[in-house]
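Student: If you scroll down you'll find the structure; I have some questions about it.
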Amino acid sequence: MKYQELYEVTKQKLESAGVEDAGLDARLLLEYVCGTKRGDLFAHGDREVANSDSERLIQLAERRMKRVPLQHLTGTQGFMGLLFTVDENVLIPRQDTEILVEEAMKQLHDGMRILDLCTGSGCILVSLLHYSNGCTGVGTDLSGAALKVAAENAARLLTDAGAARFLECDLFDGVDGKFDIIVSNPPYIPTGEIPSLMPEVRDHEPRMALDGREDGLYFYRKIIPQATGFLERGGMLFLEIGMGQACAVRSLMEGAGFLEVEVVRDYAGLDRVVYGTYCG
Ligand code: GLN
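Structure (structure tokens):
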């Protein structure tokens with residue numbers, strides 16, 4: 000079959016299975032299988048695709064129709080201009096989380112120490128280290144399987160892979176010393192909302208990376224009061240938050256003694272990041 004035809008057929012299949020952005024996913028799967036680029040669909044749409052490639056595409060499209068995330072099929076997700084390895088053990092890095100990285104980056108200086116709680120794929124810590132000089136960081140997660148992915152990303156994306164250390168532990172348990180910046184995108188979805196998430200997320204992403212317990216705020220209540228004991232004087236805490244959580248997280252931070260607490264919106268205009276400074 001020709002490249003363009005294969006694209007159309009795949010797009011229709013995905014559409015019929017209720018996949019959002021069916022056209023985009025069809026094109027990306029085709030590019031993944033054939034090793035082609037975006038422009039090939041328009042420039043070389045009439046080229047014949049090898050049988051082995053079309054068979055592989057059909058297999059992947061069938062899995063995508065079962066709402067397996069595209070990123071689990073290709074094994075990667077772009078984040079902060081870097082390509083991260085992902086699998087079913089980590090949350091797929093979200094574009095919204097780039098806001099958290101960008102805000103932290105504005106405050107990051109050479110040689111700072113960073114702590115990333117619930118590091119998952121390591122996308123936050125690895126991006127901060129990739130775009131800075133002489134900084135070091137620790138990433139913690141309860142999931143050893145997630146940390147393997149994080150370590151692989153650090154090894155591939157950092158010139159000095161040793162700048163990132165990963166610890167399998169519950170939040171701060173097992174963490175030593177003080178940090179200039181603490182970042183976290185903890186699980187923040189209220190348990191009751193999980194059944195109504197998209198099947199890609201609900202059925203394929205790790206539940207432990209999503210579930211923020213009853214009101215979604217469980218991890219903020221644990222992280223915020225403890226963070227003060229792990230920050231240098233003048234150190235900063237940056238947290239990603241979900242819908243409607245800004246007020247509660249801001250008061251938790253103010254209650255724990257953080258100063259100049261700010262809320263930053265994402266590109267959809269939703270409150271997405273809360274940060275503040277701890278002066279001891
Ligand atoms: N910190 C990781 C990310 O932002 C994982 C977050 C999580 O598991 N909740 O992608």
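Numbering (numbering that gives the first Met the number 0), first residue to last: 0 to 279.
By construction, the Cβ of each residue, glycine as well, lies at the ideal position given by its N, Cα and C atoms.
Predicted, not measured: the structure shown is a model, and the values here were computed from it.
1) Excluding the five sequence neighbours on either side, which residues of its own chain have a C-beta within less than 6 Å of the C-beta of R46, listed in chain order?
2) Count the other CB atoms, across all protein chains shown, that sit within 10 Å of the CB of E213; report buried if there are 16 or more and exposed otherwise.
3) I'd like to check one pair, L146 with L166: are the Cβ atoms closer than 9 Å?
4) Using 10 angstroms around the beta-carbon of G136, count the other beta-carbons present and answer buried if the total reaches 16, otherwise exposed.
5) Roughly how many whole angstroms lie between the Cα atoms of V182 and F237?
6) Pick helix, strand or coil for D45, following the three-state DSSP scheme.
7) Considering only the alpha carbon of each residue, which of E87, E102 and H43 lies closest to V272?
8) Run the CB neighbour count on A163, radius 10 Å, all protein chains shown included, and call it buried at 16 or more, exposed below.
9) Compute every distance between the C-beta of L128 and the non-hydrogen atoms of the ligand GLN, then say whether any falls below 8 Å.
10) At what residues does the alpha helix (DSSP H) containing I123 begin and finish?
11) What is the DSSP secondary structure of L146, reduced to helix, strand or coil?
12) Among all residues, which have a Cβ less than 6 Å from at least one non-hydrogen atom of the ligand GLN, and in what chain order do they fall?
13) Run through the DSSP bridge pairs and tell me what F229 is partnered with.
14) Tell me where the alpha helix (DSSP H) around Q76 begins and ends.
15) For E239, list the residues DSSP reports as bridge partners.
16) Tell me, to the nearest whole angstrom, how far the beta carbon of P186 is from that of D202; I am working on the premise that it is less than 8 Å.
17) Specify whether the stretch 81-92 and the stretch 48-66 touch according to this definition: at least 3 beta carbon pairs, one from each stretch, less than 8 Å apart.
18) Distance check for A42 and L56, CA to CA, integer angstroms please.
19) Classify I91 as helix, strand or coil using the three-state DSSP reduction.
20) Measuring straight from C-alpha to C-alpha, what distance separates M252 and K105?
21) Quick one: Cα of L196 to Cα of A150, how far?
22) Going by the beta-carbon positions, is the gap between R232 and C278 smaller than 9 Å?
Tutor: With the structure as the only source:
1) Excluding positions up to five away in sequence, the list reads Y2.
2) Its Cβ having fewer than 16 others within 10 Å, E213 is exposed.
3) Contact: yes.
4) Looking at its Cβ environment, which holds 16 or more other Cβ atoms inside 10 Å, G136 is buried.
5) Using only the alpha carbons, I get a separation of about 5 Å.
6) Three-state result, D45: coil.
7) Considering only alpha carbons, the answer is E102.
8) It counts as buried.
9) Flag unset: Cβ of L128 not near the ligand GLN.
10) I123 -> alpha helix (DSSP H) spans C122 to H129.
11) Looking at L146 - three-state DSSP - the assignment turns out to be helix.
12) Checking every Cβ against the heavy atoms of the ligand GLN under 6 Å gives L90, P92, T96, C117, T118, G119, S120, C122, I123, N184, P185, P186 and A208.
13) As computed with DSSP, F229 is found in no beta bridge at all.
14) Run containing Q76: none in the alpha helix (DSSP H); it sits in the beta strand (DSSP E), T75 to F78.
15) V272, per the DSSP bridge assignment.
16) About 16 Å separates the two Cβ atoms, so there is no contact after all.
17) The stretch 81-92 vs the stretch 48-66: no contact.
18) If you take the alpha carbons of L56 and A42, they lie about 20 Å apart.
19) Residue state for I91 is assigned as coil, using DSSP reduced to three classes.
20) So the two alpha carbons sit approximately 20 Å from each other.
21) Computed Cα separation, rounded: 29 Å.
22) Taking C-beta atoms as the reference points, R232 and C278 count as a pair closer than 9 Å.
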